[in-house]
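As given, the protein sequences belong to chains S and W, one line each in that order. Here the working numbering is used: the first residue of the first sequence is 1, the next is one more, and so on. Here the working numbering is used: the first residue of the second sequence is 441, the next is one more, and so on. Read through the structure below, which is laid out as structure tokens, and then see the notes.
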Amino acid sequence: MKRRTALIAPLTGALLLAGCSGMTSQAQVAQLPRTDQSLDIWQRKAPNTPSDMIGQELVAAFTAKTGIKAELTSLSQDFELKLQQRAVQRNLPDIVINDTAQLGTMQTQGLLREIDRDEIEGASDLHERAWDGATGYDGRTYGVPMTAHTVALFNRRDWREKLGIAVPESWDDLVDMWTAYTTEDPDGTGKQVAGIAIAGTTKRGYVSWNTSSFFWSGGGEYVEETKGGLRSAIADDGSIQALTWIRDLACDSAVIQPGASSQDTGGSKDTFLAGRAGSFLVAPYELPIIRETLGDAFEVLTPPPGPTGLTTLAEGNNLYLMAGSDSNEAQQAFAEFVISPEGQAIGMAGDRDGNLVRLPVNTTVDMMDTRTDREWEHFQEIYDRYGRYVPAVPNWNPFLQGSATTINALISDCSLDVGAEAEKLHASFTAALEEQGALA
Amino acid sequence: MSTVLDDRAPTGAARTEVDAPVPPRRRRRSARSGRWITPWLFLAPALILFVYFKFIPMGQAVVMSFLDVRPYLGNTAVGWDNYRTLLTDGEFFRAAGHTVVIAVAQISGAMVLGFALALLLEGQARRIWFVRSAAFLPVVVPTAVIAEVWRIIYHPTSDGLANSILGLFLIEPSAWINSPDTSMLSVILVGIWRDAPYNMIIIIAGLVGVDRSLYESASLDGAGIIGRIRHVTLPALRPVLAILFTLAAIRAMRIFTEVFLLTNGGPNGSTEVLMTLIYRLGFEQIELGVAAAGSVILLLATIVLTLAVRLVSRRIQS
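Take a look at the structure:
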């Protein structure tokens, strides 16, 4: 009996202690006087990389100009996990620089301050389209856009020309070109190479993110807006056709690199850089490193239109002004600095690797003032004409994860029926929409 | 705070320096009543750390499993909802099934291989010492490194390392971790490769304690190698094997790093185990309450399993 009490007592104590710690709701935060305000800034970039250095330059210039102390931390591994830990400690960073697609996840957890655009100096100079990426499902603004971009097809020009293939103008041309890469020994080494390198892992939803441009161009839709809200469109005919086309890249023409389904973006980039794949669909932040590695052996192509035309995934980074900060004025000052022509120029970093601002969001900035690689303009054109942000749902994460799991399954198990898998995904999309209160 | 020697400790081994918050004079006066406190003082440093870093977080997980966790908006109690969500979703049982398959296959594989290695590498010779250290290497290499090395070994083209070995035997190249048919086997092989040397070392230590004369008498009675292993070695190793099984079972329940890095539960969920599922729910889908419910179930399962293994091994011993 005594022994049992001895066991139960610490457990009860632990439960009581646990119940009391860190479980209260948000309180209003008293603001520091402006002169004492300082910023703790996080960006989702690997430490000690060119992006980290350019971030440090940006923050140093901000401090020099405004006198506000700021410290930048670059983190890439488990970024969301570390942010959660800080949320539990109720000690969030003051500013988080992160993907536009993360807005919903952070906003639904109450981590973000709402932005009043009228209060931000220079806000009216920004592209209206960039503000789209900072707007939540409820139509309110929860971030300040910092950079925008879309994807284009990096292709081995030397391989294409050696095999005498014209620039692809349709999806059939594209698959023919990739098939030629896999069968006609374009690098002359006799080693097997792939048509296209794709990050096929489910991690962070990479495979869905990587194939969404093909998915849309092939007639697919994740969700569709109706009068009363949203409905899942993932099992519609267009979506199934698009998913089938993506699956066939692995199962029919077999032009995707071997092992794609367990590779993340780093792995697939290395595959392309090492000459083991002929194409790579990626955003311009990889332009400097690809230029450095492959020189003039590659070209940047506008992806050929699919059955329903061309749509490319538009994305970017926002500055998120985090809740619970005691330095609201400093937060705003940093946002104003980053969107100013000066801040945008530092972030663009000329032609250097590690640029934080890919396509400037400020309409008064001409990026060719600081850059020489003309391909940047190419990206700007694709963004302006074909770019499309992921649908505004309250929280995009379950949709990204769900579609990534399904596409990963389709490209790694060719015996699966696309229609049946799409139906399963449709059920989970519908459940997610209902849970988020957005179902029609 | 003064440091004293505990003069009431019965043996030299227990004469250890401890921090005693009670002044010596007062303690002497209440020596009788203070006796019960002595073991607790010895235990205090460890207990305080355990309470703070283990029991409170564990308690917190139990509390969280009944909440919709939103650190910034305030949590709301949802009763058994998180458990219901978890248990009505087929994924949890699928992951539990995969965990059991990996556990059984990995533990038995590593045990058999570890035992075989131990028999081969038992002894004092210098050569054996070197081979033994080499065989032990996988244990000291961090799991993250092991996973990266095996990703290279498992490269799915015909010139991948594992596939070129298969090629020697005229076997078709395998997709290894990239196909749902072979991904589970690939993960299990890595686990066996890593755990077998650990078992080997513990079993070698156990073998030292086997009475040599038993082997001789068994030989005289006409027992062959198999007979000697079955009737002499294995019974003598029973306590060692019991501990190895307990530890391996607990470790296998919470297998995470190698699966996370090799396959991340894929392809098509074919290697999803409980821990990768909990990680995904908690840190990718930010469903901290549901993830906490999963952790609590895993904790209970681990406790039940540990007690079961202890009970069975005790029964066998008696």
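Where a beta carbon is used, it is the ideal one built from N, C-alpha and C, also for glycine. The model shown is predicted, which means the values in this text are computed figures rather than measured ones.
Closest by C-alpha distance to residue i, when choosing among the options
i, options, result
"W:V509", "S:V338, S:S74, S:F79, S:A87", "S:A87"
"W:I592", "W:P485, W:W616, W:F685, W:W569", "W:W616"
"S:A323", "S:L281, S:E57, S:L81, S:D94", "S:D94"
"S:V282", "S:G139, S:V59, S:Y383", "S:Y383"
"S:L32", "S:D326, S:D248, S:G200, S:A134", "S:D326"
"W:H595", "W:F609, W:P613, W:P582, W:I586", "W:P613"
"S:L273", "S:F79, S:T66, S:T293", "S:T293"
"W:S772", "W:D599, W:R691, W:P582, W:L701", "Since the displayed chain W opens at 441 and closes at 758, residue 772 of chain W lies outside it and no answer follows."
"S:S403", "S:T226, S:A194, S:F215", "S:F215"
"S:A134", "S:Q37, S:T370, S:L81, S:T100", "S:T100"
"W:A731", "W:D635, W:G563, W:L714, W:V699", "W:L714"
"S:D185", "S:G275, S:F429, S:R358", "S:G275"
"S:A345", "S:I54, S:D40, S:A432", "S:I54"
"S:T261", "S:Y206, S:L310, S:D78, S:Q85", "For clarity, residue 261 of chain S is Ser in the given sequence; the question names Thr instead. With distances taken between Cα atoms, S:S261 lies closest to S:Y206."
"W:S548", "W:L728, W:A688, W:D621", "W:A688"
"S:L433", "S:T66, S:W396, S:P341", "S:W396"
"S:D417", "S:A330, S:L243, S:D373, S:I41", "S:L243"
Closer than 8 Å to chain S by CB, residue i
i, result
"W:T429", "Given that chain W is displayed from residue 441 to residue 758, the structure contains no residue 429 of chain W and the question cannot be resolved."
"W:S505", "no"
"W:S619", "yes"
"W:D447", "Per-residue confidence for W:D447 stands at a pLDDT of 40, beneath the threshold of 50, marking its modelled position as unreliable; the derived number appears in the next sentence. False, the Cβ-Cβ gap to chain S never drops below 8 Å."
"W:I726", "yes"
"W:N603", "no"
"W:S522", "The residue you asked about is not Ser; residue 522 of chain W is Asn in the sequence shown. No, no contact with chain S."
"W:F533", "no"
"W:H538", "no"
"W:F723", "yes"
Backbone CA spacing between residue i and residue j [nearest angstrom]
i, j, result
"W:L738", "W:M693", "8 Å"
"S:N91", "S:S268", "36 Å"
"W:R755", "W:L747", "12 Å"
"S:L126", "S:T363", "6 Å"
"W:R566", "W:I644", "15 Å"
"W:N704", "S:D366", "42 Å"
"W:G709", "S:G259", "16 Å"
"W:V736", "S:A277", "45 Å"
"W:E531", "S:E421", "15 Å"
"W:R668", "W:V650", "12 Å"
"W:R475", "W:L481", "10 Å"
"W:A584", "W:I690", "20 Å"
"S:Y320", "W:I611", "54 Å"
"W:A517", "W:L507", "4 Å"
"S:Q332", "S:I339", "11 Å"
"S:L400", "S:S208", "6 Å"
"W:V749", "W:I743", "10 Å"
"W:H665", "W:R652", "Note that residue 665 of chain W is Ile in the sequence shown here, rather than His. So the alpha carbons of these two residues sit roughly 14 Å apart."
"W:S657", "W:G646", "20 Å"
Same chain, Cβ closer than 7 Å to residue i, five either side skipped, listed in chain order
i, result
"S:F298", "F154, N155, R156, R157, I290"
"S:S76", "R44, K45, A46"
"S:D132", "Y389"
"S:D236", "E221"
"W:A575", "L557, L561, P637, M640"
"S:T63", "K69, A70"
Any C-beta of chain W under 8 Å from that of residue i
i, result
"S:V151", "no"
"S:P288", "no"
"S:A392", "no"
"S:N362", "no"
"S:R90", "yes"
"S:G19", "Reliability fails at S:G19, whose pLDDT of 46 lies under 50, so the model's placement of it is uncertain and the value that follows must be treated cautiously. Closer than 8 Å: yes."
"S:T405", "yes"
Beta-carbon contacts of residue i that lie in its chain and below 8 Å, excluding the five residues immediately before and after
i, result
"S:Q56", "L72"
"S:T211", "I198, I246, I407"
"S:S25", "Caution is warranted here: a pLDDT of 40 is assigned to S:S25, below 50, making its placement in the model unreliable, and the coordinate value is therefore given only provisionally. Result list for S:S25: empty, nothing under 8 Å."
"S:A130", "P145, A148, G316, V361"
Own chain, CB closer than 6 Å to residue i, minus 5 neighbours either side, in chain order
i, result
"W:N618", "P596"
"W:L654", "V672"
Under 9 Å by beta carbon: chain B residues contacting residue i
i, result
"S:D413", "Included in the structure are the protein chains S and W, with no chain B among them."
With contact counted as at least three CB pairs below 8 Å, one residue from each stretch, are the region 717-729 of chain W and the region 425-437 of chain S in contact?
no
For the structure I just gave you, are there three or more beta carbon pairs, one from the region 648-666 of chain W and one from the region 525-543 of chain W, closer than 8 Å?
no
I want to know whether the region 238-255 of chain S touches the region 160-168 of chain S - three or more CB-CB distances under 8 Å.
no
When you compare the region 598-606 of chain W with the region 521-535 of chain W, are there three or more beta-carbon pairs, one atom per stretch, that lie closer than 8 Å?
no
Mind the definition here: the region 98-118 of chain S touches the region 135-145 of chain S only if three or more C-beta pairs lie below 8 Å; say whether that holds.
yes
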